[in-house]
Amino acid sequence: MIVLERVSKTYYPDSVGLDDVSLRIEAGEFVSIVGQSGAGKTTLAKLLMAEEPPSAGRIEIGGWDITRIRPRDIPELRRQIGVIFQDYKLLPKKTVFENVSFALEVAGATSNHIRDIVPQVLMIVGLEDRAKRFPRQLSGGEQQRVVIARSLVHRPKVLLADEPTGNLDTMNTRDIMDLLVKINAFGTTVVLVTHNREVVNALKRRVIILKEGRVVSDVAHGKYMLTV
Amino acid sequence: MTTAWRIFAASWKHFARNLWIGLATVFVFTVALLSVNVLIATNVMLEQTVAYFEEKIDVTITFQPDTPEALLTQARFYVQSFPQTESVRLVTPQEAYDAFKERYKSNAKILEAVTELSVNPLGAQLIIKAKETKDYPFLLSAVRNPQFEPFIRSSSYDDHRDAISSIRDAARSMRLFGSGLVAVFALFGLLAAFNAIRVAIYTQREEIAIMRLVGASSAYIRLPFVLEGVWLATLACVVTALSVWAAIQVGEPRLQTMFAGSDPGIMAFYVANRSFLVFTQFGIMAALSAMVSWIAVGRYIKR
């Protein structure tokens with residue numbers, strides 16, 4: 107469960123990222139957070155990843171209050187939240203296998219466990235035959251699937267996807283969204299941050315709309331309307 | 037244990053996959069170390085030059101021809117007893133006479149004049165070599181005590197005083213200048229190495245940020261870079277050692293002509309001080325690489 111209580115984020119000197127946002131996302135939900143550029147979507151994602159601290163309010167993930175999380179505890183949080191980025195953020199000098207296994211290595215997983223789990227995850231995302239390739243040798247859609255594989259190896263309770271289809275064509279976008287839906291079906295909470303109206307509307311899941319840092323709409327089976 | 041092995045392996049993989057950046061850094065390290073070693077070798081040659089001239093210096097005390105032999109022997113033991121004395125040689129009047137004739141054997145007039153004298157006009161000589169040039173005034177004043185003074189005809193120190201003083205001053209200046217220059221080049225070398233590592237890590241700043249985003253701890257990100265820095269320093273030291281060795285092998289025989297056929301002493305210096313030189317240069321370079329890597333990576337580890 108993710109809880110935001112009256113969360114605000116301001117950037118020096120007076121730019122507002124989020125303004126008094128309160129949210130509650132239940133375990134196993136698939137929530138789309140939408141809004142135009144500058145609405146506060148990325149700020150919200152950064153706060154959930156503890157990339158930045160909030161200026162005010164309280165954030166709790168799975169019962170863990172991360173509002174004033176200590177820097178040394180951040181890696182532990184990141185291992186519990188799977189994160190997918192628009193620009194993939196793969197390690198360019200590591201192979202597909204190494205990129206995925208790196209997420210396990212940093213958590214101290216044994217070599218046997220890594221050898222077992224990584225091929226399984228690569229099979230889930232359909233990249234079992236790309237294990238020895240480097241990111242530059244993959245298409246955008248394949249790179250995004252590597253990122254998903256990397257975020258899944260910890261079996262996270264929460265998967266945060268920040269504009270995961272932003273750099274992809276229609277075909278790859280559909281593949282990635284199908285994967286996210288499948289992951290959600292296994293019980294993982296998925297928080298999708300996007301401005302892609304078609305993607306959100308096709309999902310027919312809960313939609314939270316942000317505008318100028320505030321929640322202006324929160325609909326259980328909503329649509330992201332053009333007029334908003 | 038597993039984590040330690042992973043960090044070790046990651047440092048090697050990182051080095052292999054960033055080979056060009058690594059080799060560029062090794063090149064900067066090597067140039068820095070070589071410049072310091074060139075100055076060290078130059079300093080050794082200067083020291084050898086000074087030592088060569090110092091070796092040539094001695095002081096000769098000439099006694100009156102009628103000085104008793106017992107007093108001469110006593111004077112020799114007296115000078116020998118000082119810790120400042122390197123060696124003392126007593127030249128008897130006959131030996132001095134023979135040496136004189138040998139020296140002027142090609143000058144018939146001088147030889148004829150000496151032969152016409154019925155007695156040996158030359159006195160005994162005490163040839164004193166001090167351990168250091170600064171000790172000559174002390175040894176001379178010690179010999180010129182009331183016991184020996186009446187029998188001393190002359191001393192060659194007065195003739196050599198200016199030369200001894202000049203060599204002593206030159207040696208002091210050269211040592212000071214050489215050490216200063218080595219220190220300055222070492223500082224420049226360290227700065228160059230410092231910046232080479234910073235640049236190498238700057239090119240990998242995005243990777244560092246990604247590692248953090250996927251849950252790597254600060255130490256897990258930093259340590260492979262720190263170890264890689266140590267490997268780079270090791271490689272640079274090996275390349276430097278081989279280059280220095282090859283340069284000495286090729287260059288030293290050619291330098292012997294400048295030292296009147298004697299050994300310039302560079303290889304001997306490196307062999308005698310090999311442990312100190314290797315461990316100092318490697319230690320400083322490795323410690324610097326490790327420290328700078330740790331700090332530089334930290335700049336790109338955000339929350």
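Residue numbers (our numbering), protein chains in the order written: chain L, 107 to 334; chain U, 37 to 339.
Where is the CB? At the ideal position from N, CA and C, for every residue including glycine.
Check: Exposed or buried, what is lysine 64(L) when buried is set at 16 or more other beta-carbons lying within 10 Å of its beta-carbon?
Finding: No information on residue 64(L) is available, as it lies outside the stretch 107 to 334 that chain L covers here.
Item checked: Identified DSSP bridge partners for glutamate 111(L) -> Arg164(L)
Note to self: Quick check on DSSP: helix, strand or coil for alanine 133(L)?
What the structure shows: coil
Note to self: Using only CA atoms, which one of Leu70(U), Glu83(U), Ser71(U) lies nearest to phenylalanine 295(U)?
What the structure shows: Minimum Cα-Cα distance from phenylalanine 295(U) among the listed residues Leu70(U), Glu83(U), Ser71(U) corresponds to Glu83(U).
Margin query: Quick check on this structure: which residue in Arg311(L), Lys263(L), Ala308(L), Gly141(L) has the alpha carbon closest to the alpha carbon of glycine 293(L)?
Written below: Lys263(L)
Next item on the list: Return the first residue and the last residue of the alpha helix (DSSP H) that alanine 282(U) is part of.
Entry: 254-291 is the extent of the alpha helix (DSSP H) around alanine 282(U).
Check: Do you know offhand how far isoleucine 163(U)'s Cα is from tyrosine 140(U)'s?
Finding: Spanning the two alpha carbons is a distance of roughly 20 Å.
Notebook entry, point to check: Alpha carbon to alpha carbon, how far is valine 259(L) from leucine 249(U)?
Noted result: 15 Å
Next item on the list: Would you kindly work out how many angstroms separate the C-alpha atoms of threonine 300(L) and alanine 40(U), rounded to a whole number?
Entry: The straight-line gap from Cα to Cα measures roughly 40 Å.
Notebook entry, point to check: Whose C-beta lies closer than 7 Å to the C-beta of valine 64(U) among residues of the same chain, with five residues either side of it excluded?
Noted result: Ala228, Ala229, Ala232
Next item on the list: With a threshold of 16 other CB atoms inside 10 Å of the CB of glutamate 132(L), please say whether the residue is buried or exposed.
Entry: It is exposed - the Cβ of glutamate 132(L) has fewer than 16 other Cβ atoms within 10 Å.
Check: Can you tell me whether DSSP reads leucine 124(L) as helix, strand or coil?
Finding: strand
Next item on the list: Report the three-state DSSP secondary structure of isoleucine 190(L) (helix, strand or coil).
Entry: In the structure shown, isoleucine 190(L) adopts extended strand secondary structure according to DSSP, grouped into three states.
Margin query: Please list, in chain order, the residues of the segment 155-180 of chain L that have any C-beta partner in chain U closer than 9 Å.
Written below: Met155, Ala156, Glu157, Glu158, Pro159, Ile175, Pro177, Arg178, Ile180
Notebook entry, point to check: Whose C-alpha, out of Glu166(L), Arg176(L), Ala209(L), is nearest the C-alpha of alanine 255(L)?
Noted result: Among Glu166(L), Arg176(L), Ala209(L), the Cα nearest to that of alanine 255(L) is on Ala209(L).
Checklist line | C-beta atoms of alanine 166(U) and valine 95(U) nearer than 9 Å | finding: Between alanine 166(U) and valine 95(U), the C-beta gap is smaller than 9 Å, which places the two residues in contact.
Item checked: Secondary structure of arginine 338(U), DSSP reduced to three states -> Residue 338(U) is actually lysine in this sequence, not arginine. The answer is coil: DSSP assigns lysine 338(U) none of H, G, I, E or B.
Check: According to DSSP, which residues form a beta bridge with arginine 320(L)?
Finding: Paired residue(s): Lys317(L).
Next item on the list: Can you pull the chain L residues whose beta carbon is under 8 Å from the beta carbon of glutamate 243(U), in chain order?
Entry: Leu197, Pro198, Lys199
Note to self: Can you look up phenylalanine 99(U) in the DSSP assignment and give me helix, strand or coil?
What the structure shows: It is a strand residue.
Checklist line | C-beta neighbour in chain U for phenylalanine 92(L), strict 9 Å | finding: Outside the displayed range of chain L (107 to 334) lies residue 92(L), so it cannot be described from this structure.
Notebook entry, point to check: Pairing CB atoms from the segment 234-242 of chain U with CB atoms from the segment 71-78 of chain U, are three or more of them under 8 Å?
Noted result: no
Item checked: DSSP beta-bridge partners of glutamine 161(U) -> Thr98(U), Val127(U)
Notebook entry, point to check: Who are the neighbours of valine 212(L) on chain U, taking C-beta pairs under 8 Å?
Noted result: Met247, Val250, Gly251, Ala252, Ser253, Tyr256
Note to self: Counting beta carbon pairs with one atom in the segment 132-152 of chain L and one in the segment 310-329 of chain U, are three or more of them shorter than 8 Å?
What the structure shows: no
Notebook entry, point to check: What residues in its chain sit with their C-beta under 7 Å from that of threonine 333(L), if we drop five residues either side in the sequence?
Noted result: Its pLDDT being 47, under 50, threonine 333(L) is placed unreliably by the model, and nothing is read from it.
Margin query: For methionine 303(U) and threonine 169(U), what's the separation of their Cα atoms in angstroms?
Written below: Cα to Cα, the separation comes out at about 26 Å.
Checklist line | Contact set between asparagine 54(U) and chain L, taken where Cβ atoms lie within less than 9 Å | finding: Those within 9 Å of asparagine 54(U) in chain L are Lys199.
Next item on the list: Flag this pair as touching only if the segment 240-247 of chain L and the segment 156-170 of chain L have three or more C-beta atom pairs under 8 Å; answer yes or no.
Entry: no
Notebook entry, point to check: Can you list, in chain order, the stretches of the beta strand (DSSP E) that have 3 or more residues and sit fully within the segment 167-214 of chain U?
Noted result: 188-191
Notebook entry, point to check: In terms of alpha-carbon separation, which member of Phe315(U), Glu138(U), Tyr172(U), Phe305(U) lies closest to threonine 121(U)?
Noted result: Tyr172(U)
Note to self: Which same chain residues end up closer than 7 Å to glutamine 192(L) when comparing Cβ atoms and leaving out the 5 residues on each side of it in sequence?
What the structure shows: Asp268, Glu269, Pro270, Gly272, Asn273
Next item on the list: Compute the distance between the beta-carbons of glutamine 250(L) and asparagine 290(L), then report whether it is under 9 Å.
Entry: no
Notebook entry, point to check: Can you give the beta carbon distance from isoleucine 244(U) to valine 333(U), rounded, assuming they're within the 8 Å contact cut?
Noted result: By a beta-carbon distance limit of 8 Å, isoleucine 244(U) contacts valine 333(U). Their separation comes to about 6 Å.
Check: Would you say valine 109(L) faces chain U, with C-beta separation under 9 Å as the test?
Finding: Chain U contact via Cβ: absent.
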